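For reference, the structure is listed below as structure tokens.
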Amino acid sequence: MEKKKYPFTLACGVAASLALSYVVASSGLITSCDSAETFSTRFFEEFPSLKGKAYAFKTPICNVFAVKNGDLFVFFDSNLKASIQGSMDALQGNNEAPIRIFGSNESKALVPKQPTHINRKYKYEIGYTENESVTKINQNDSPQGYVENGVPSSPNKLIGITNRTINEDLKNLDFSVLPFFKSENSKGMLLTFVDITCPACKRYTENIAKLNSKGYDVYLAPYPRSGSSSLVAKKMQNLWCENFLNKQSSLSNITSSFKGNSLNPTECTDTDYLSKFDDFVKFGTKHLNQTTPVSFTNNGITIIANHPTDVFESAFTYGQEMTQFMEKQKEVK
Numbered sequence: 334m335e336k337k338k339y340p341f342t343l344a345c346g347v348a349a350s351l352a353l354s355y356v357v358a359s360s361g362l363i364t365s366c367d368s369a370e371t372f373s374t375r376f377f378e379e380f381p382s383l384k385g386k387a388y389a390f391k392t393p394i395c396n397v398f399a400v401k402n403g404d405l406f407v408f409f410d411s412n413l414k415a416s417i418q419g420s421m422d423a424l425q426g427n428n429e430a431p432i433r434i435f436g437s438n439e440s441k442a443l444v445p446k447q448p449t450h451i452n453r454k455y456k457y458e459i460g461y462t463e464n465e466s467v468t469k470i471n472q473n474d475s476p477q478g479y480v481e482n483g484v485p486s487s488p489n490k491l492i493g494i495t496n497r498t499i500n501e502d503l504k505n506l507d508f509s510v511l512p513f514f515k516s517e518n519s520k521g522m523l524l525t526f527v528d529i530t531c532p533a534c535k536r537y538t539e540n541i542a543k544l545n546s547k548g549y550d551v552y553l554a555p556y557p558r559s560g561s562s563s564l565v566a567k568k569m570q571n572l573w574c575e576n577f578l579n580k581q582s583s584l585s586n587i588t589s590s591f592k593g594n595s596l597n598p599t600e601c602t603d604t605d606y607l608s609k610f611d612d613f614v615k616f617g618t619k620h621l622n623q624t625t626p627v628s629f630t631n632n633g634i635t636i637i638a639n640h641p642t643d644v645f646e647s648a649f650t651y652g653q654e655m656t657q658f659m660e661k662q663k664e665v666k
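With the working numbering, letter number 278 in the sequence shown gets 611, and the count goes up by one each step, no holes.
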């Protein structure tokens, strides 16, 4: 297979990150936290009738897991001794509203504000909604010659500069194996990591036609957050493979899978394809920490979560401004 790559031109070494804080309330002594794969095995042994219908996810709380069945979320302890139905929110500091992690945004519960002194930062965190906050560029992490005055500002809290390590890893991925939604007059490209069980990813796929109409090509990269050996991963693997072998003629099956439609794609046996598919999953595991959707532009910008089309347009504009700024900094030197 011919390897198709796109240049990620802006690699200035500044990380755009999410600052998400959690209040973890627990009792008793926890010696270790089970993985999502371990819990899934235990869960489906106990409830075999739910195989292929329900999906299990790790939550930010050690040994508490979310199980999604249709639109319903139920939370279990790792030993399946207790369960509760509902939603899960992450509490934030600075008097910001809680973030809905699992469950419907329409039924968001009232949760007390998080004390502002709690401030644990992560590169990425769970991104089901558009409400997460990205930290501003940290000038202390800036490369030599990078100055604060005149630096273009990000148009959105969830838009930042793609860091150097991620850029380099992106260049090693083979985009030709991915579902590709091409615009008629291409002026930019988005590589978006998705999970077919993620509600925000579903909304993103519904927005692809608008992105195409604005001149933006879209590649959908697989990142099943429940693990590379999960049922979700297997289903995505077969769907993505089928579309590739059918020369991009099965894109409707890809988008339908985000709506929960029951599809039975042919099992993929193409070892070369499976290896390339797994490269994307490994990238997600390494860099995204269970965040979907996450998009990367071909001019060096990272976009967390789903947004209206104009927000994605502003990200490309931001990338152009940053490229011009960095070129001017080189001239100054």
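The C-beta atom is built at its ideal place from N, Cα and C for all residues, glycine as well.
Just so it is clear, the structure is predicted and the values come from calculations on it, not from any experiment.
Distance between residue j and residue i (C-alpha atoms, nearest Å)
i: Ala-389; j: Lys-619; result: 20 Å
i: Pro-381; j: Thr-392; result: 22 Å
i: Ser-608; j: Leu-523; result: 22 Å
i: Asp-404; j: Asn-412; result: 23 Å
i: Ser-373; j: Ser-563; result: 8 Å
i: Ala-566; j: Ser-420; result: 24 Å
i: Asn-579; j: Thr-604; result: 16 Å
i: Asp-474; j: Ser-628; result: Only weak support exists for where Asp-474 lies, its pLDDT of 36 falling under 50; the coordinates are left without a value.
i: Val-510; j: Ser-365; result: 37 Å
i: Thr-495; j: Lys-615; result: 18 Å
i: Glu-660; j: Phe-398; result: 47 Å
i: Glu-517; j: Pro-488; result: 26 Å
i: Gly-548; j: Asn-594; result: 29 Å
i: Cys-395; j: Gln-581; result: 40 Å
i: Thr-371; j: Val-400; result: 13 Å
i: Gln-418; j: Gly-560; result: 23 Å
i: Phe-377; j: Ser-519; result: 45 Å
i: Asn-586; j: Glu-501; result: 31 Å
Nonlocal neighbours in the same chain, by C-beta distance under 8 Å from residue i, ignoring five residues either side
i: Asp-612; result: Asn-505, Leu-506 and Asp-507
i: Lys-592; result: Lys-535
DSSP state of residue i mapped onto helix, strand, coil
i: Gln-662; result: helix
i: Ala-415; result: coil
i: Leu-383; result: helix
7 Å CB neighbourhood of residue i in its chain, flanking five on each side removed
i: Arg-558; result: Phe-390, Asp-528, Gln-623 and Thr-625
i: Asn-571; result: Pro-598, Thr-599, Glu-600 and Cys-601
i: Lys-402; result: For the record, residue 402 in the displayed sequence is Asn; it is not Lys. Answer for Asn-402: Leu-383, Lys-386 and Ala-387, listed in chain order.
i: Gln-653; result: Asn-632
i: Met-569; result: Ile-529, Pro-555 and Pro-557
i: Glu-646; result: Lys-547
i: Ile-541; result: Phe-514 and Val-551
Beta-carbon proximity of residue i to residue j, cut-off 8 Å
i: Gly-493; j: Thr-656; result: no
i: Ser-416; j: Phe-406; result: no
i: Ala-554; j: Phe-513; result: no
i: Phe-610; j: Pro-485; result: no
i: Tyr-667; j: Leu-503; result: No information on residue 667 is available, as it lies outside the stretch 334 to 666 that the chain covers here.
i: Phe-577; j: Tyr-552; result: no
i: Leu-544; j: Thr-642; result: yes
i: Thr-630; j: Thr-588; result: no
i: Leu-596; j: Ser-590; result: yes
Residues of its chain near residue i, where Cβ-Cβ distance is below 6 Å and the 5 sequence neighbours each way are ignored
i: Lys-515; result: Asp-550
i: Glu-379; result: Leu-413
Handout entry: Ranges of the alpha helix (DSSP H) found wholly within the region 494 to 580, counting only runs of at least 4
Key = 497 to 504, 532 to 539, 541 to 546 and 564 to 578
Exercise for the section: Report the residue ranges of all beta strand (DSSP E) runs contained in full by the region 576 to 659; include only those spanning at least 3 residues, in chain order. Expected result: 627 to 630 and 634 to 637
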